[in-house]
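Visitor: Residue numbers (the working numbering): 8 to 152. Think of the CB as a built atom: it goes at the ideal place given N, C-alpha and C, for glycine as much as any other residue. Note that the structure is predicted; figures quoted are calculated from it, not measured.
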């Protein structure tokens, strides 16, 4: 299974937007790019894809930027991944297997691996990831005190 930079950067951007969702604050591209160390031009393309996919909205004006289109508890990691990659998880299958009993068995294993990966990504929402991030940051602060 390979997660592309595109999907990883998109998830990082979505996490930043999810953290601002409760107060309704919009984030600009340059803010997200600085917070997550993502190149501005690349982030523009990613956010356009997320907007077309219905996961985020753009707001025009002086206080404009990007916001989540819906509650972070209703956006799964799988939805974000599918928006960026155009499909569910692809578990790499290096070569097609021959049309034999053994080949069919191998294909069944690959299919099960795909289903397991999709199941895990569907289990987590942006809200879950935000909560985990908050807990980890609190642990880091306690460690330094």
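Please report how far the alpha carbon of residue 62 lies from the alpha carbon of residue 87, in whole angstroms.
Guide: Numbered from its first residue, the chain shown carries residue 62 at position 55. Numbered from its first residue, the chain shown carries residue 87 at position 80. Answer to the nearest angstrom: the Cα atoms are 8 Å apart.
Visitor: Residue range of the alpha helix (DSSP H) that residue 34 falls in?
Guide: As a first step, residue 34 must be located in the chain shown, where it is residue number 27. Segment: none, residue 34 is in no alpha helix (DSSP H) and carries neither H nor E.
Visitor: Under the assumption that residue 137 contacts residue 25 (Cβ atoms under 8 Å), give the Cβ distance between them as a whole number of angstroms.
Guide: In the chain shown, residue 137 corresponds to position 130, counting from 1. In the chain shown, residue 25 corresponds to position 18, counting from 1. Going by Cβ atoms, the distance from residue 137 to residue 25 rounds to 5 Å, so yes, they are a contact pair.
Visitor: Using the C-alpha atoms, what's the distance from residue 21 back to residue 58?
Guide: In the chain shown, residue 58 corresponds to position 51, counting from 1. In the chain shown, residue 21 corresponds to position 14, counting from 1. Cα to Cα, the separation comes out at about 11 Å.
Visitor: In the DSSP output, what is residue 63 paired with across the bridge?
Guide: Locating residue 63 in the chain shown gives position 56, counting from the first residue. Residue 63 is bridged to 75.
Visitor: When you compare the stretch 122-141 with the stretch 76-86, are there three or more beta-carbon pairs, one atom per stretch, that lie closer than 8 Å?
Guide: Enough Cβ pairs lie closer than 8 Å, so yes.
Visitor: Which same chain residues, not among the five before or five after residue 18, have their C-beta less than 6 Å away from its C-beta?
Guide: Taking the chain shown and counting its residues from 1, one reaches residue 18 at position 11. These residues qualify, in order along the chain: 87.
Visitor: DSSP three-state label for residue 107, please.
Guide: Position 100 of the chain shown holds residue 107. Correct three-state label for residue 107: coil.
Visitor: Could you spell out the range, first to last residue, of the alpha helix (DSSP H) harbouring residue 13?
Guide: The count along the chain shown starts at 1 and reaches residue 13 at position 6. Element bounds for residue 13: 12-27.
Visitor: Can you tell me the Cα-Cα spacing of residue 43 and residue 113, whole angstroms?
Guide: Position 36 of the chain shown, counted from the start, is the residue given in the question as residue 43. Position 106 of the chain shown, counted from the start, is the residue given in the question as residue 113. So the two alpha carbons sit approximately 39 Å from each other.
Visitor: Would you say residue 47 and residue 37 are within 8 Å of each other, going by their C-beta atoms?
Guide: Here residue 47 refers to the residue found at position 40 of the chain shown. Here residue 37 refers to the residue found at position 30 of the chain shown. It is a contact, given that the beta carbons lie within the stated cut-off.
Visitor: Less than 8 Å between the C-beta atoms of residue 128 and residue 56, yes or no?
Guide: Position 121 of the chain shown holds residue 128. Position 49 of the chain shown holds residue 56. Taking 8 Å as the Cβ cut-off, residue 128 and residue 56 do not qualify as a contacting pair.
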